[in-house]
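Below is one structure, written out as structure tokens; the observations come after it.
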């Protein structure tokens with residue numbers, strides 16, 4: 291059975307359907323826009339994380355070569371407090387940018403139980419030559435199965451399979467954009483030339499698409515041994531070690547630990563994608579600021595309408611109090627109205643948000659070279675809907691609270707005596 | 024006879040716009056089943072007195088007993104509960120809730136009391152309306168009723184919880200003579216046949232003359248009755 295307070299609240303709401311509806315629509319639009327914005331922004335963020343971030347390893351270990359002339363080996367053997375060592379016209383020695391004793395490091399990393407996968411990588415600049423066309427790009431020599439664990443290359447294949455690299459001698463996996471530029475497809479032969487003048491012919495066994503132009507238009511994968519062969523290096527020669535962690539949120543700390551342990555530079559994925567991380571943060575902040583503003587505006591609408599309603603119902607409040615309704619009963623009556631507006635407004639808002647999000651989801655995304663998606667990225671997360679609901683109800687509760695408390699405090703004698 | 028209302032030295036002052044002592048040591052008793060009217064010129068404190076004894080106004084000194092229970096000093100919530108059970112109101116400007124039907128208006132205090140189920144409350148409310156010959160208007164919105172009809176619904180509402188006392192603030196003040204007579208007869212009948220205690224404030228001498236007892240007030244004091 292409904293309590294009498296609730297029945298009175300219900301009657302009040304239904305007595306002025308237009309006013310109730312308008313108050314509700316304020317919340318509906320607020321919540322609807324919140325859902326649309328958060329779904330779209332979050333969708334875009336997740337898309338970015340999925341493409342940009344998944345194509346970089348959680349931690350990348352590499353040899354960071356600097357031409358640093360601030361220290362000299364002379365400083366180590368002479369007393370620098372008495373002697374000033376000056377070296378004129380220093381010239382950097384030609385050193386190889388590889389990771390020394392890579393096999394040991396990889397073996398050690400594989401024993402670490404925070405690590406899921408380790409992939410040795412040998413990257414080099416190459417020219418892709420197909421007939422008259424020459425395109426500059428990067429070639430990565432990898433153990434393809436390990437690399438696939440890091441980047442999910444497996445699922446990014448447009449044509450062919452990654453396993454083809456293992457079965458076909460001199461196979462190459464090529465970025466989809468690059469293959470288009472060279473006008474080649476699976477089965478065709480391309481020639482790769484290194485800056486040092488070596489060249490080698492490869493047969494395309496598959497094309498991949500990360501959805502990011504900076505990768506799809508320049509990158510190719512071949513077996514590690516082929517790049518070592520192309521560069522004339524031994525079979526221990528690798529330039530990078532990519533590491534996938536169980537919990538990528540720990541990447542920052544772990545990368546520091548690895549850098550200290552192995553003596554090479556280690557970048558975590560947040561550092562590698564710093565600009566993307568900043569834009570994600572900005573989008574998140576913007577989404578919350580705009581949604582919050584919308585809901586606060588809706589809250590003020592409710593505050594206004596509740597204040598007006600209570601002003602119009604002074605007599606009714608007085609008579610209710612005379613008949614034995616306490617201050618808390620009166621408060622409850624008006625707060626119930628406000629929260630009811632909030633609940634129904636939020637529910638219709640969620641529906642509106644869902645419909646609008648679905649609409650945006652079905653919009654075609656303008657075609658461009660850098661991002662390969664066909665429609666706007668939109669996510670449908672239950673937690674966004676729960677949050678929208680909660681926020682809508684709480685806002686209307688707070689907006690209704692002040693007028694309701696005021697209503698509870700009304701002195702019936704002053705009203706009844708006129 | 025049983026005393027249902029007793030006041031001891033009620034004093035009240037207003038401080039705005041300037042200090043004014045509106046009630047001076049007002050003490051009186053009312054027996055069960057009495058139909059009392061409080062009369063006096065406007066400003067003599069009769070309405071103020073009514074709101075004190077109806078427990079709506081708690082800003083006074085002195086003591087009030089209703090049904091042998093001391094109501095002075097009870098909390099607002101306790102007083103609300105007490106009013107709900109023991110006091111019925113009939114005001115000059117009918118004061119029905121306009122969004123509700125006549126029947127709902129009568130039912131609300133009963134539902135608040137919570138002594139009866141909803142259907143029992145409904146039956147009781149319908150009975151009261153029937154007794155006042157208003158049963159045909161039960162399902163009408165109260166804002167669609169005439170003044171006299173509204174006042175009869177208000178009386179039914181005042182009766183719904185079988186209160187100890189019915190308090191009326193100029194219950195006929197806003198009605199034409201025909202309706203005034205009807206309302207008076209109803210109140211009179213209540214006191215006669217049902218032993219209902221009724222206290223009304225009025226400045227209608229004709230109305231007052233016909234009641235059992237007249238309490239006349241002047242400058243905050245009871246001068247007669």
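Chains as they are written, first to last, in the numbering used here: chain H, 291 to 708; chain B, 24 to 248. Glycine included, every Cβ here is placed at the ideal spot set by N, Cα and C.
- Distance between residue 459 of chain H and residue 545 of chain H, taken at the CA atoms: about 35 Å.
- Residue contact with chain B for residue 597 of chain H: absent (no Cβ-Cβ distance below 7 Å to any residue of chain B).
- The beta carbon of residue 135 of chain B sits closer than 8 Å to the beta carbons of 107 from its chain, once the five residues preceding and following it are set aside; these are given in chain order.
- For residue 70 of chain B, the C-beta contacts it makes with chain H under 7 Å involve 707, in order along the chain.
- Among the residues of chain B, none has a CB under 9 Å from the CB of residue 624 of chain H; the nearest is roughly 14 Å distant.
- Of all residues in the stretch 116 to 130 of chain B, those with a C-beta nearer than 9 Å to a C-beta of chain H are 116, 118, 119, 120, 121, 122, 123, 127, 130, reading in chain order.
- Any Cβ of chain B closer than 7 Å to the Cβ of residue 606 of chain H would place that residue at the interface, and such an atom is present.
- Listed along the chain, the chain B residues whose CB falls inside 8 Å of the CB of residue 611 of chain H are 79, 103.
- Taking residue 233 of chain B as the centre and dropping the five residues before and after it, the same chain places the C-beta of 207, 211 closer than 8 Å to its C-beta, in chain order.
- With respect to the C-alpha of residue 537 of chain H, the residue from H/530, H/550, H/558, H/528 having the closest C-alpha is H/558.
- For residue 203 of chain B, same chain residues with a beta-carbon under 6 Å away, outside a window of 5 residues either side, are 195 in chain order.
- When secondary structure is reduced to three states using DSSP, residue 43 of chain B falls in the strand class.
- Rounded to whole angstroms, residue 70 of chain B and residue 192 of chain B show a C-alpha spacing of 7 Å.
- Judged by DSSP in its simplified three-state form, residue 83 of chain B adopts coil rather than helix or strand.
- The Cβ atoms of residue 413 of chain H and residue 486 of chain H lie no closer than 7 Å to each other.
- For residue 420 of chain H, the enclosing beta strand (DSSP E) has its first and last residue at 405 to 420.
- Contact with chain B is absent for residue 628 of chain H, since none of that chain's Cβ atoms lies less than 7 Å from the residue's Cβ.
- Within chain B, 103, 135 have C-beta atoms less than 7 Å from the C-beta of residue 615 of chain H, given in sequence order.
- In the structure shown, the three-state DSSP call for residue 302 of chain H is helix.
- Pairing residue 534 of chain H with residue 394 of chain H gives a Cβ-Cβ distance that is not under 7 Å.
- For residue 197 of chain B, same chain residues with a beta-carbon under 7 Å away, outside a window of 5 residues either side, are 115, 116, 170 in chain order.
- The alpha helix (DSSP H) runs lying completely inside the stretch 422 to 503 of chain H and spanning 4 residues or more are 434 to 441, 443 to 446, 454 to 457, 466 to 472, given in chain order.
- The beta carbon of residue 301 of chain H falls within 7 Å of a beta carbon belonging to chain B, placing the residue at that interface.
- Here residue 52 of chain B is exposed: its Cβ has fewer than 16 other Cβ atoms, across all protein chains shown, within 10 Å.
- DSSP, reduced to helix, strand and coil, places residue 674 of chain H within a helical segment of the structure shown.
- With a threshold of 7 Å between beta carbons, residue 106 of chain B makes contact with chain H.
- Distance between residue 583 of chain H and residue 312 of chain H, taken at the CA atoms: about 18 Å.
- Taking C-beta atoms as the reference points, residue 502 of chain H and residue 492 of chain H fail to come closer than 7 Å.
- Under the DSSP definition of a beta bridge, residue 237 of chain B partners with B/60.
- Contact with chain B is absent for residue 313 of chain H, since none of that chain's Cβ atoms lies less than 7 Å from the residue's Cβ.
- Using beta-carbon distances, residue 194 of chain B does not count as an interface residue toward chain H, since no partner is under 7 Å.
- The beta carbon of residue 702 of chain H sits closer than 7 Å to some beta carbon of chain B.
- The three-state secondary structure of residue 616 of chain H, taken from DSSP, is coil.
- Shortest Cα-Cα distance from residue 519 of chain H to any of H/431, H/631, H/390, H/331 involves H/431.
- In the three-state reduction of the DSSP assignment, residue 556 of chain H falls in the strand class.
- Contact annotation: the stretch 292 to 311 of chain H does not touch the stretch 645 to 656 of chain H, with fewer than three C-beta pairs closer than 8 Å.
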